[in-house]
Amino acid sequence: MAQVILSPVPAGSALQDRLKTAYFHDSYQLQLPDDGSSPMALYLRCMGRTPGWIDFLMRLRNRVVAPFGIKDLGTLSGVDAQRQPSSYRVGDRAGIFRVHALSDSEVVLGDSDRHLDVQVSLMRLPGPEGAPSGTFTAAMSTVVHVHNALGRIYMLGVTPAHRVIAPAVVAKLAG
Numbered sequence: 008m009a010q011v012i013l014s015p016v017p018a019g020s021a022l023q024d025r026l027k028t029a030y031f032h033d034s035y036q037l038q039l040p041d042d043g044s045s046p047m048a049l050y051l052r053c054m055g056r057t058p059g060w061i062d063f064l065m066r067l068r069n070r071v072v073a074p075f076g077i078k079d080l081g082t083l084s085g086v087d088a089q090r091q092p093s094s095y096r097v098g099d100r101a102g103i104f105r106v107h108a109l110s111d112s113e114v115v116l117g118d119s120d121r122h123l124d125v126q127v128s129l130m131r132l133p134g135p136e137g138a139p140s141g142t143f144t145a146a147m148s149t150v151v152h153v154h155n156a157l158g159r160i161y162m163l164g165v166t167p168a169h170r171v172i173a174p175a176v177v178a179k180l181a182g
C-alpha cells in the first residue's frame, strides 16, 4: 500500500505566498500510478471516498460549533459524484469548499468565515527521482489564517483532528 507522507507545501503551489502569515499549514503526499486524472478529479475522488468515521466527526463538529455562530459545513464526502470534474469553474462549490483556482497541475479550494480562512490545494507533482515510471505524486496541502480569538480556540480542537483526518483522506486516493 502506498504511504502518505507529511511534507512541506510544494514549492510551486499557489498556497506558497500565504504560508508566511498562516496560523497553520501542512501538506501530505502520496505516490500513485498515473491514470491522467486532473487535480480536480483527484480532489473529488478523495473527498468522495472519505471514511464514514470522518463524516461522523464532521457532523459532530457542526453540532458543537453551531451555538458559537460557526457555520455548518456539511461532510467531506458531500461532493456531487455525478458531476464531471472538467465542468468545475472558479467560484463553484465542490463539497464543503469553493473552487478558488484551477490549473492542469493544481486545484485550490477554500472557505472563509469571520473567525478563519481555510484553503486546500490538491497538486499533481512529478514522482520523486528514482520513482517508477508511470507514477506521480499527489500533494494535498492546507493553509489556515485565523482572524480572532474564536478562530484560535477553534483551531485548538481542529489541529489534532486534522493531523489524523488529512492523511486518512489522502490515503483514499490509493483506493
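In terms of the working numbering, the sequence shown opens at residue 8 and continues consecutively.
All C-beta atoms, glycine included, are put in the ideal place defined by N, C-alpha and C.
Exercise for review: Just the C-alpha distance for residue 102 and residue 125, rounded to the nearest angstrom, thanks.
Suggested key: 14 Å
Query - Bridge-paired residues (DSSP) for residue 54 - result: Residue 54 is not bridged to any residue.
### Task
Would you mind listing the alpha helix (DSSP H) stretches within the stretch 25 to 82 that are 4+ residues and don't spill past its ends, in chain order?
46 to 55, 59 to 72
Original post:
Can you tell me where the alpha helix (DSSP H) with residue 109 in it begins and where it stops?
Top reply: Where residue 109 is concerned, there is no enclosing alpha helix (DSSP H), although the beta strand (DSSP E) it sits in stretches over 104 to 109.
Between the stretch 112 to 129 and the stretch 144 to 156, do three or more beta carbon pairs fall short of 8 Å? yes
Use the C-beta contact count for residue 82: other C-beta atoms within 10 angstroms, 16 or more gives buried, fewer gives exposed. buried
Note to self: Can you find the residues in the same chain that come closer than 7 Å, C-beta to C-beta, to residue 78, ignoring five residues on each side of it along the sequence?
What the structure shows: 120
Q) With 16 other CB atoms within 10 Å as the buried threshold, where does residue 18 fall? A) For residue 18, the number of other beta carbons within 10 angstroms of its own is below 16, and it is reported as exposed.
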